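A.B. asks: Residue numbers (the numbering used here), protein chains in the order written: chain A, -8 to 319; chain B, -8 to 319. The beta carbon of each residue, even a glycine, is placed where N, CA and C say it ideally should be. Note that the coordinates shown come from a computational prediction; the quantities given were computed from them, not determined experimentally. One structure, as structure tokens, below. Some questions next.
Right, here's the structure in full:
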């Protein structure tokens, strides 16, 4: 099934069941008021919503409403945990190549992952508010999963069963703040402002045959101001699949229901597919010509990220965000 | 006022108003079912609870119950954000001194802060469950604040008004996993398992005259197996006060109500007061004799952290946790 959270003036919004083609919805309030409430009691409540979803797609529900993506918050507008991996190592390889550095061998066994801020997630059509263009505003197109309760020390093989939903992410990054924060070793605070999400989160069964239990086998297309930045394939060159990332996050502590685990910027070794972030394009330019040519995002720029299935249908709804100057 | 969250079989527990001496409580459910619900509408709801708190302390409420600290969850059992600073630079100075390294000058202007996991906070009497003693289990005694909504880019002077509650923290750390994670630059995932909290969170007005708007001016005493590890003063050598830490966290993004901001391990330059974590004691031993003598925590060890006011009264309730082997 496909689920969205609509703006209703509350912090957690209103959970709704969305039709497969994202055209209509019905409220889920009879079953669960919010996505977190659903995740908290998934095994009991999800089957009830699955019935509603089936009836909605079969046109058996009289009271449907048209879905307006601009009214959607992030599927989980505030979450108790957001861990973002860096699971496409071709991206990390390019980072190193652009600065003539060696790729550390351990990165092929041990995923990079940071704990991100999850208190203020953005809807897919919300503006990206940044105070200063000089911070180097960038998109990062990613896939993420939302988990149920995950026991501490879960095995890679068991981790798969705890994946409840899959969604699309724009992990907004402030590139020029990253080198200093990374040098401090404590991860990202300033350089990762609020993260944005696709219109809907989708259960793995609904993604068949494009979800193999560990990865989404579809390309993710990113545009800036209507010009394609790239369409790397989310299932290709994913060096750590989602069960591996979930198990990594849970090595020393349990994960509560509603934990969001991201893949990191989607990146393929076939460079002809382009990139999912401007930073990577700039690295490729640096490798080719000695210096970057593409600038980071400016106020007024439009970022679009979407997954479209082979039938041309949007899977998660397009992320479509304008970059605007933040003023208090 | 003093607030606690009692175990009631739900994920968020039951919010209760606790008497100043932590002996009795009354449910807050008429006003707010959970601490997050209170923080979400603080300005409207907090005055109502303050009236209940006053009546409770004046003995005007008939239906009080005795507070059993073992029944307390963390005041906020799951939070949308936990950012932990490293605001006592004497600790960072000792880290460098023990490995004969220079203290980077920028650390005196720019706080170290990491984004921690906030999905599974522990109550002050909950066990510390760890799978492997070899990970180097350690306590870290800290003070933390819980904020209301904080606007992006808040000034240091305005940040103060967004502090809603103050509490006590045991930022459990797995020391032997830290060097590798720090070398990756992405912060802590494995080396910071679930964080534990004092029995109650306390409003700043209630802490007078020991809260000056930016810091708690009381010592924090830590014991391991009944033996004092140290009693550094939380108001001394705090190089970045709480408004500064809140403003730091909010530089590029707003903070949602219920954000928890920690001070980092309390540490004083007067070494005679001892330490708030075993790692620091081991550094002092290394500086003195060339190698550490004190071992990290073992299964069965008891950790106690408490703030006692000059009248000998506990302020937040004692954190008292046993270290146990985690078994699935």
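Taking the alpha carbon of residue 283/B as the point to measure from, which residue in 291/B, 290/B, 274/B has its own alpha carbon closest?
C.D. replies: By 1-based counting over the second chain, the position of residue 283/B is 292. Considering only alpha carbons, the answer is 274/B.
A.B. asks: Assuming residue 64/B and residue -2/B form a contact by the criterion Cβ under 8 Å, report the distance between their Cβ atoms to the nearest whole angstrom.
C.D. replies: As a working note, residue 64/B is residue 73 in the second chain. As a working note, residue -2/B is residue 7 in the second chain. Contact flag correct, Cβ pair sits at about 6 Å.
A.B. asks: Could you tell me whether the Cβ atoms of residue 313/A and residue 118/A are closer together than 7 Å?
C.D. replies: In the first chain, the residue the question calls residue 313/A occupies position 322. In the first chain, the residue the question calls residue 118/A occupies position 127. Cβ atoms of residue 313/A and residue 118/A: closer than 7 Å.
A.B. asks: Since residue 250/A is in the beta strand (DSSP E), which residue starts that stretch and which ends it?
C.D. replies: Locating residue 250/A in the first chain gives position 259, counting from the first residue. Segment 250 to 253, the beta strand (DSSP E) holding residue 250/A.
A.B. asks: For residue 185/A and chain B, any beta-carbon pair shorter than 7 Å?
C.D. replies: Taking the first residue of the first chain as position 1, residue 185/A is located at position 194. Judged by the 7 Å Cβ criterion, residue 185/A is in contact with chain B.
A.B. asks: Following the continuous beta strand (DSSP E) through residue 72/B, name the residue where it begins and the one where it ends.
C.D. replies: Taking the first residue of the second chain as position 1, residue 72/B is located at position 81. Where residue 72/B is concerned, the enclosing beta strand (DSSP E) stretches over 72 to 76.
A.B. asks: Would you mind listing the alpha helix (DSSP H) stretches within the stretch 16 to 59 of chain A that are 4+ residues and don't spill past its ends, in chain order?
C.D. replies: Complete alpha helix (DSSP H) runs here, min 4: 26 to 31, 33 to 48.
A.B. asks: Which value, in whole angstroms, describes the spacing of the CA atoms of residue 82/B and residue 228/B?
C.D. replies: Residue 82/B sits at position 91 when you count from the first residue of the second chain. Residue 228/B sits at position 237 when you count from the first residue of the second chain. Cα to Cα, residue 82/B sits roughly 10 Å from residue 228/B.
A.B. asks: Is the CB of residue 166/B under 7 Å away from at least one CB in chain A?
C.D. replies: Within the second chain, numbered from 1, the residue matching residue 166/B stands at position 175. No - not a single Cβ of chain A is within 7 Å of the one on residue 166/B.
A.B. asks: Would you say residue 173/B reaches chain A, if we count a Cβ-Cβ gap shorter than 7 Å as a contact?
C.D. replies: Residue numbering aside, residue 173/B sits at position 182 when the second chain is read from its first letter. Cβ-Cβ to chain A under 7 Å: yes for residue 173/B.
A.B. asks: Please state the DSSP three-state secondary structure of residue 214/B.
C.D. replies: Counting from one through the second chain, the residue named residue 214/B turns up at place 223. Of the three classes helix, strand and coil, the one that applies to residue 214/B here is strand, per DSSP.
A.B. asks: Counting contacts by CB-CB distance shorter than 7 Å, is residue 242/A in contact with chain B?
C.D. replies: Taking the first chain and counting its residues from 1, one reaches residue 242/A at position 251. At least one chain B Cβ lies under 7 Å of residue 242/A.
A.B. asks: Compute the beta-carbon to beta-carbon distance between residue -5/B and residue 57/B, rounded to the nearest angstrom, for a pair I have assumed lies under 8 Å.
C.D. replies: The residue you call residue -5/B lines up with position 4 of the second chain. The residue you call residue 57/B lines up with position 66 of the second chain. Not a contact, Cβ separation roughly 12 Å.
A.B. asks: Express the C-alpha separation of residue 172/B and residue 88/A in angstroms, rounding to a whole number.
C.D. replies: Here residue 88/A refers to the residue found at position 97 when the first chain is read from its first residue. Here residue 172/B refers to the residue found at position 181 when the second chain is read from its first residue. Cα to Cα, residue 88/A sits roughly 22 Å from residue 172/B.
A.B. asks: When you compare each of 317/A, 298/A, 311/A, 146/A to residue 12/A by their alpha carbons, which one comes out closest?
C.D. replies: Numbered from 1 along the first chain, position 21 holds the residue referred to as residue 12/A. Cα-wise, what sits closest to residue 12/A is 298/A.
A.B. asks: Answer with yes or no whether the minimum CB distance from residue 106/B to chain A is below 7 Å.
C.D. replies: Stepping through the second chain from its first residue, residue 106/B is reached at position 115. Yes, because at least one Cβ of chain A sits closer than 7 Å to the Cβ of residue 106/B.
A.B. asks: If we define contact as Cβ-Cβ less than 7 Å, is residue -4/A a contact residue for chain B?
C.D. replies: Here residue -4/A refers to the residue found at position 5 when the first chain is read from its first residue. It does not: the Cβ of residue -4/A has no partner Cβ on chain B nearer than 7 Å.
A.B. asks: What alpha helix (DSSP H) runs, 4 residues minimum, are completely inside the stretch 66 to 127 of chain A?
C.D. replies: Here the runs fully enclosed are 80 to 89.
A.B. asks: Kindly say whether residue 27/A, judged by its beta-carbon, lies nearer than 7 Å to any beta-carbon of chain B.
C.D. replies: Looking up residue 27/A in the first chain gives position 36. It does not; no Cβ of chain B falls within 7 Å.
A.B. asks: Quick check on this structure: which residue in 115/B, 167/B, 247/B, 70/B has the alpha carbon closest to the alpha carbon of residue 181/B?
C.D. replies: To locate residue 181/B, count along the second chain from 1; it is residue 190. When each option's Cα is compared against that of residue 181/B, the closest is 167/B.
A.B. asks: Mind checking which residues open and close the alpha helix (DSSP H) that includes residue 175/B?
C.D. replies: Looking up residue 175/B in the second chain gives position 184. From DSSP, the alpha helix (DSSP H) with residue 175/B extends over 169 to 175.
A.B. asks: Under DSSP, the beta strand (DSSP E) around residue 284/A begins and ends at which residues?
C.D. replies: What you label residue 284/A is simply residue 293 of the first chain in a count that begins at 1. Where residue 284/A is concerned, there is no enclosing beta strand (DSSP E), given that its DSSP letter is neither H nor E.
A.B. asks: DSSP three-state label for residue 321/B, please.
C.D. replies: Lying before the first or after the last residue shown, residue 321/B is absent from chain B, which here runs from -8 to 319.
A.B. asks: Run through DSSP, which three-state label would residue 1/B get?
C.D. replies: Here residue 1/B is taken as the residue at index 10 of the second chain, counted from 1. Residue state, collapsed to three classes: coil.
A.B. asks: Any idea what DSSP makes of residue 155/A, helix, strand or coil?
C.D. replies: In the first chain, residue 155/A corresponds to position 164, counting from 1. Strand.
A.B. asks: Provide the residue span of the beta strand (DSSP E) that contains residue 132/B, from first to last.
C.D. replies: As a position in the second chain, residue 132/B is number 141, starting the count at 1. That run of the beta strand (DSSP E) goes 132 to 138.
A.B. asks: Quick check on residue 21/B: buried or exposed, where buried means 16 or more other Cβ atoms within 10 Å of its Cβ?
C.D. replies: Numbered from 1 along the second chain, position 30 holds the residue referred to as residue 21/B. With fewer than 16 other Cβ atoms within 10 Å, it is exposed.
A.B. asks: Which residues share a DSSP beta bridge with residue 193/A?
C.D. replies: In the first chain, counting from the first residue as 1, residue 193/A sits at position 202. Paired residues: -7/A, 157/A.
A.B. asks: Span of the alpha helix (DSSP H) holding residue 236/B?
C.D. replies: For the purposes of this step, residue 236/B is identified with residue 245 of the second chain, where counting begins at 1. Segment 233 to 240, the alpha helix (DSSP H) holding residue 236/B.
A.B. asks: Excluding five sequence neighbours on each side, which residues of the same chain lie with their C-beta closer than 6 Å to the C-beta of residue 184/A?
C.D. replies: Taking the first chain and counting its residues from 1, one reaches residue 184/A at position 193. Hits under 6 Å: 163.
A.B. asks: Report yes if the CB atom of residue 224/B is closer than 7 Å to the CB atom of residue 210/B, and no otherwise.
C.D. replies: Within the second chain, residue 224/B is the residue found at index 233, counting from 1. Within the second chain, residue 210/B is the residue found at index 219, counting from 1. Result yes, Cβ atoms of residue 224/B and residue 210/B sit closer than 7 Å.
A.B. asks: Let me check understanding here. Comparing Cα to Cα, which of 276/A, 175/A, 152/A, 317/A lies closest to residue 242/B?
C.D. replies: Within the second chain, numbered from 1, the residue matching residue 242/B stands at position 251. It is 317/A.
A.B. asks: What residue from 123/B, 24/B, 19/B, 77/B has the CA that sits closest to residue 258/B's CA?
C.D. replies: As a working mapping, residue 258/B is identified with position 267 in the second chain. When each option's Cα is compared against that of residue 258/B, the closest is 77/B.
A.B. asks: Relative to the C-alpha of residue 6/B, which residue among 96/B, 192/B, 230/B is closest?
C.D. replies: Residue 6/B sits at position 15 when you count from the first residue of the second chain. Here the closest residue by C-alpha is 192/B.
A.B. asks: Classify residue 59/B as buried or exposed, calling it buried when 16 or more other Cβ atoms lie within 10 Å of its own Cβ.
C.D. replies: The count along the second chain starts at 1 and reaches residue 59/B at position 68. Exposed.
A.B. asks: I'd like to know whether the C-beta of residue 111/B is nearer than 7 Å to at least one C-beta of chain A.
C.D. replies: Numbered from 1 along the second chain, position 120 holds the residue referred to as residue 111/B. Judged by the 7 Å Cβ criterion, residue 111/B is in contact with chain A.
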